[in-house]
Structures are given as C-alpha cells and as structure tokens.
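I have placed the structure first, in the form of structure tokens, so that the comments after it can refer back to it.
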Amino acid sequence: MEEPKEFQNYTINFGPQHPAAHGVLRLLLELDGEVVERADPHIGLLHRGTEKLLEHKTYLQGVPYFDRLDYMSMMSEEHTWVLAVEKLLGIEAPPRAQYIRVIYAELTRILNHLLFLGAHGLDVGAMTMFIYTFREREVVFDLYEEVCGARMHAAYFRPGGVGKDFPEGHAEKIRAFIDDFPSKIDEYEVLLTNNRIWKQRLVDVGVVSEAQALDWGFVGPMLRGSGVAFDLRKAEPYDAYAKIDFDIPVGKNGDSYDRYLVRVEELRQSCRIIQQCLEQMEPGPVKHENFKLSVPKQEDQENKMESLILHFKHFSQGFEVPEGEVYLATESPKGEFGVYIVSKGGSKPYRVKIRPAGYNHLQAAKEMLPGLMLTDVTTIIGSIDIVFGEIDR
Amino acid sequence: MTEEKLENLEKLVSEKFPDLPREREIDSLVIRVEPKQLIETMSQLRDGPGLNFTLMIDLAGVHYPKRDKPLEVVYQLLSVKKNQRIRVKVSVDEGAAVPSITSIWSCANWYEREAYDMLGIMFSNHPDLRRILNEYEFDGHPLRKDFPLSGKIEMKYDEKLRRVVRVPVDMSKSKREPFKRSRREPYQQSH
C-alpha cells in the first residue's frame, strides 16, 4: 500500500533575472500547485537615488535624469519636469515649442505603447509582435535622433521651450510616419485582437473594478481600462492639448484585454493629435525670450558680451527659481507622472519627489495575483506595463 | 486648477474644516493637519460631498532640519469626479509617528514605507513598515539633509576574504603616477 504523500506550498522567486519580469522585479510567489497563494513584490534593485541627486543639480541639469526614470517614455518624463519648473518660474513656452512638445510627447506615447504591445505579446507567446513593433520603434528613434542627436535619452525639452527647432524637412518625416502608422496598427490588431490564444490568455484575467482601481490608486490606461474616463490631457490641459481634439478610450470590464484595447486605441488617438499639431503649428521662436532663463541665440553670443555671460551662467550656475512649491502631473504613457518640487530660491531645488506612474500598479499586483495561475502572472505583469527605472528611481 | 475652481474648493473646505489652517501655494490649496486629526480629516476628504478625493496620488516626506518639527509629510489628493486637487500637510517631531492612512487608501502602503525608508518618518498602525527602495540592512535615511550625497558605506569585493564587504565610502582619488615627462636628450651633433 502506498503511503499518502503530503504536498506543501512552495515559494519561488520570480525574477530578478526572469525575462518576463520586465527588468529587475523580484516577485516572491507562494504556490499551491500552479495556483498563486501569495505574492510579494520586492523592488529597489534599480534604485539610483535620483531624488537625492536632483537636490544637488541645477534645474537644467535635472532634465537628463528624467529621461532615465522611465526609460521607455523618455520625453514624457522630461515634459513633467520642465512644466513644473516653468510653473515655479511663472513662465510659459512659446506656442511653437508647445506644439513640438506635444508632438514629441505623443511620439513617445507611441514608443511606449509599442514596447508594451511587443513585450506583452512576447510574454504571452506571440513572438512576432515584438519584431513587428520594434520595426516601427526604429522609425521613431530615428526621428528622435534627428531632432536632438540622441536615440533614447534625449534631454530635448528645456524649461521655457525645447532645445532646438525642427531641422529642415523634419515635419514632413513625422507626417509620413503618422500617415503610414495606422495601417501598422491594423496589422497588430489582425495578429492579436481576435486571436483565440491571445483572448484566452487575456480576457477575464486580472479584473479590476472601478472601486478597486481607485482604492489602489490606479492612473492612466489602468484606470481607464476599469471604466473611469480620466485623462490629464483633458482634465488639466497643459501645453497645446487644449487646442486639440481627441477621444479618451475607456474599457468596460477592467481585465487585461480591455487594457490592451485601451492602449491600442491610444495609439490611434496619438496619431490624430500629432496630425492636428502639424497642421496648427506655425513658425516662431522655440525658446522663452527671457534669456536669463534660456540659452541666448548663437549669433548674439558671438557679438554681444552680455549674451556670452548669460550663456556661461546658464550652464554653470543655472537660473534662479523663486521660492515656492509645486506639484505638477502630466499624462505620461503609463499614467499620471508627477513631480513635487520644493524650492527655497536659488538654482537648485530643496526637495524633489517624483511620483512614478507604475508604482501603484505594481503594488496592486500583490492583491491581483493571488488565486490566479502561474501563467497568468506574466500576463498581469505585462498588462500593468511596468518599467523599473521609474518605480525604483 | 482654474482660479474659480480654487475659490469654490476653498469655500467648501473652509465650511467643512473651519479650524484647519489653509494656505495657497501656486494655484493649489494646502491644508495643515495635526497628526491626531489626520485619519478623520482624510476620510472626510474622501467621502465628503463635493470633495470626493477618491485618489491618493502621492505622499512625499520632506526634511526641514531647522524647524521645530523637522519632518513633514505631504499628501496630494485628486478627485476624479470633480477634477480638483488638494494638498494636505502634517508635521511631526523626530521619532513621533504619523497615523497610517492605509485604512483609507490601500495604495498608501508603499508610499509610507518609502517615506520611512528614505526619511525615517514613522507611521503608526502600518501593516508592514519595512524598507522598500534601499536594501533591508541599510543604515540611515538617505533623503535627510545631513546624509551625504555619496553615502556612508560602500560595498566591494575583498580579494583576500573572497567575499563582499562593507567599508566606509572613500572618495579620495587613488594615487596615480602621472606620466613622467621624458626629458629630451640634448641634441647631439654627429661628427
């Protein structure tokens, strides 16, 4: 006669080296067979002390740090920082700079959502998606490179405007990409939206109700996936968003599939926004005209003593920012990304708190995962679209 | 927020909480709360009609070493329905605890852990107050103003002990021998 065997729950480490952990997530999973009993995400493996470093940098030197927070949506992060600094200074960027920033914020949204689609597809088993989306990401990276010289970490937005105006023929290139892109989205949708396996893996997995989403502090596509139509681009329009017409896609069931659909629709809306921006924008200055706050013109630096001094002071000492505190948030591709700056005057902030968009989403994984199968863990991690640069800071 | 909206919100808040000090920072409303009133105020802010601050957006700790109460916790609340924001501040003494608001918004959990980790602010009734961003054995609270930027302890591999050791941070530059300038031989005329 066989003795009855006793099975125990066992604990596994999902990550920090797991390819589906999207970076350095260490997720402790307690499993009963294949069912998750308890999940405990451990973060901080990518902590670089950005908030402390920012206290020791001028406002201008702070910009590149924001590229490196959420390294999948670089310019959106810069956008928050420069808008917050502008609010402290009480200035506004000239209209052309506003349009350029909106165009690039939306191109960045496309970049981020393409990575989401590719990586999410890869996690769930659709390898082709990754190759498809990276084909289009390459085009956007080329645009990035043309406008600011860097393919990823741009440091293109500056307090009071942008670094440089578009080079010759750049707007046409963006237009060509945007005209072509919706057909590419159709391609992705043909692959995924009605795919039986994709639906089996996503539909009704990780359902979040509206009340739960609010309690867990969800923002962005995660909140909209649960049926709350809240988008900061509409609610608190910044830069040129007030002049632009677009829709907010909203989910119905709050599952992973709805969040996928919301993000795909956002890709289409981004195309609409960029198209309108390209039509509406007119030639003009792209930097704030107070040259104590922005870099003086090149020809002035060569001919005028004062401009040369201002240029030197701009990059060494930095500009003075009045005392005050501000919390400013923008709709980054992952949701509300905010900065809280406390300034005590001078050219460096006293305290900066970054509010990462994905922080709460990962935190909620603790509540979302128990009761699901091990295979659904990758679906949920993919669906909440996390990047550890911003979560760990 | 627009000026009109801010006026309305301030009116509403002054009726609800007549004895709480209010301030205006650049287009936002700030209220200051004593730690013992916090839970009460926060649940009213969440559920009160017209307020509806259903989302706890952010919790930031700030260290002001020169103040009487050197640690400050700043909450940012957002109302999705009314599309308005409010900022709530609590100041505490060194070692005193702020009541945890995890019972009101469960997402406050990690934010409070972070404030504890980075600034050493204590939260009472918190379910799981561990460090979060720094490693669990970390010593000190890095966002305090007296914490040096380069840190205090660094980890490196010790060749002799054959393991990773913790040593005080040493920022001095290693003694490098600059290239010795080769003295040019005097020109010798060939015979």
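Here the protein sequences line up with chains E and Y, keeping their order. Note that this note's numbering gives residue 88 to position 71 of the first sequence, counting from 1, and the numbers run on in steps of one. Note that this note's numbering gives residue 415 to position 122 of the second sequence, counting from 1, and the numbers run on in steps of one. Beta carbons are placed, not taken as given, at the ideal position from N, Cα and C, and that holds for glycine.
Going by DSSP, Y:Pro311 is part of no alpha helix (DSSP H) at all; its letter is neither H nor E.
For Y:Glu318, the residues of chain E that pass the 9 Å Cβ criterion are Gly341, Glu342, Val343, Tyr344, in the order they occur in the chain. Our two residues, E:Glu204 and Y:Asp439, have alpha carbons roughly 56 Å apart in a direct line. Three or more beta-carbon pairs drawn from the stretch 303-313 of chain E and the stretch 174-191 of chain E are found closer than 8 Å, and the two stretches are therefore classed as touching. Note on E:Phe247: 16 or more other CB atoms within 10 angstroms of its CB, so buried under the neighbour-count rule. Where Y:Val460 is concerned, there is no enclosing alpha helix (DSSP H), although the beta strand (DSSP E) around it starts and stops at 456-461. Under the 8 Å criterion on CB atoms, E:Asn307 is classed as non-interfacial with respect to chain Y. At least 8 Å separates the CB of E:Lys269 from every CB of chain Y.
Runs of alpha helix (DSSP H) with 4 or more residues, each lying fully within the stretch 175-201 of chain E, are absent. Put simply, the stretch 256-265 of chain E does not touch the stretch 131-149 of chain E. Fewer than three CB pairs are less than 8 Å apart. For a Cβ distance threshold of 8 Å, nothing in chain E lies close to Y:Met335: the least Cβ distance comes to about 13 Å. Between E:Leu62 and E:Arg43, the C-beta spacing is below 8 Å. Distances from the CA of E:His35 to each of E:Thr395, E:Asp409, E:Asp182, E:Gly237 were compared; the closest alpha carbon is that of E:Thr395. Think of a sphere of 8 Å around the beta carbon of Y:Asp351: the chain E residues whose beta carbon falls inside it are Tyr344, Gly355, Tyr357, Lys370, Arg372, in chain order.
Under the 8 Å criterion on CB atoms, Y:Leu331 is classed as non-interfacial with respect to chain E.
Between E:Asp182 and E:Gly399, the alpha-carbon positions lie close to 36 Å from each other. Setting aside the 5 residues that flank it on each side, E:Ala37 is surrounded in the same chain by Asp140, Thr395, each with a C-beta closer than 6 Å to its C-beta; the list follows chain order. Residues of the stretch 391-422 of chain Y with a C-beta atom less than 7 Å from some C-beta of chain E are Trp398, Ser399, Cys400, Asn402, Trp403, listed in chain order.
For Y:Val355, the nearest beta carbon of chain E is closer than 8 Å to its own beta carbon. For Y:Pro435, the chain E residues whose Cβ falls inside 8 Å of its Cβ are Gly66, Lys69, in order along the chain. Burial of E:Pro366 is indicated by the presence of at least 16 other C-beta atoms within 10 angstroms of its C-beta. Scanning chain E for C-beta atoms nearer than 8 Å to the C-beta of Y:Ser321 yields Val343, Tyr344, reported in chain order. Within chain E, no residue has its beta carbon less than 9 Å from that of Y:Ile379; the closest one is some 10 Å off.
Residue contact check for Y:Ile324 against chain E: no CB pair falls below 8 Å. In the structure shown, the three-state DSSP call for E:Lys251 is helix.
Annotation: Y:Met349 to E:Glu337 spans about 32 Å, alpha carbon to alpha carbon. Under the Cβ criterion of 8 Å, Y:Ile446 is not counted among the residues facing chain E. Sorting E:Arg410, E:Ile408, E:Ile401, E:Gly388 by C-alpha distance to the C-alpha of E:Leu48 places E:Gly388 at the top. At a cut-off of 8 Å between beta carbons, E:Ala252 contacts chain Y. Ranked by Cα distance from E:Gln115, the options E:Gly66, E:Phe31, E:Met298, E:Asp57 are led by E:Met298.
E:Gln292 and E:Asp317 have their C-alpha atoms roughly 35 Å apart. Beta-bridge annotation (DSSP): Y:Val391 is paired with Y:Phe416. In this structure, the beta-carbon distance from E:Arg372 to Y:Asp351 falls below 8 Å. For the pair E:Thr347 and E:Asn26, the Cα-to-Cα distance works out to about 43 Å. Under the three-state reduction of DSSP, E:Ser226 is assigned to coil, being neither helix nor strand. The C-beta of E:Glu323 has fewer than 16 other C-beta atoms within 10 Å across all chains shown, which makes the residue exposed.
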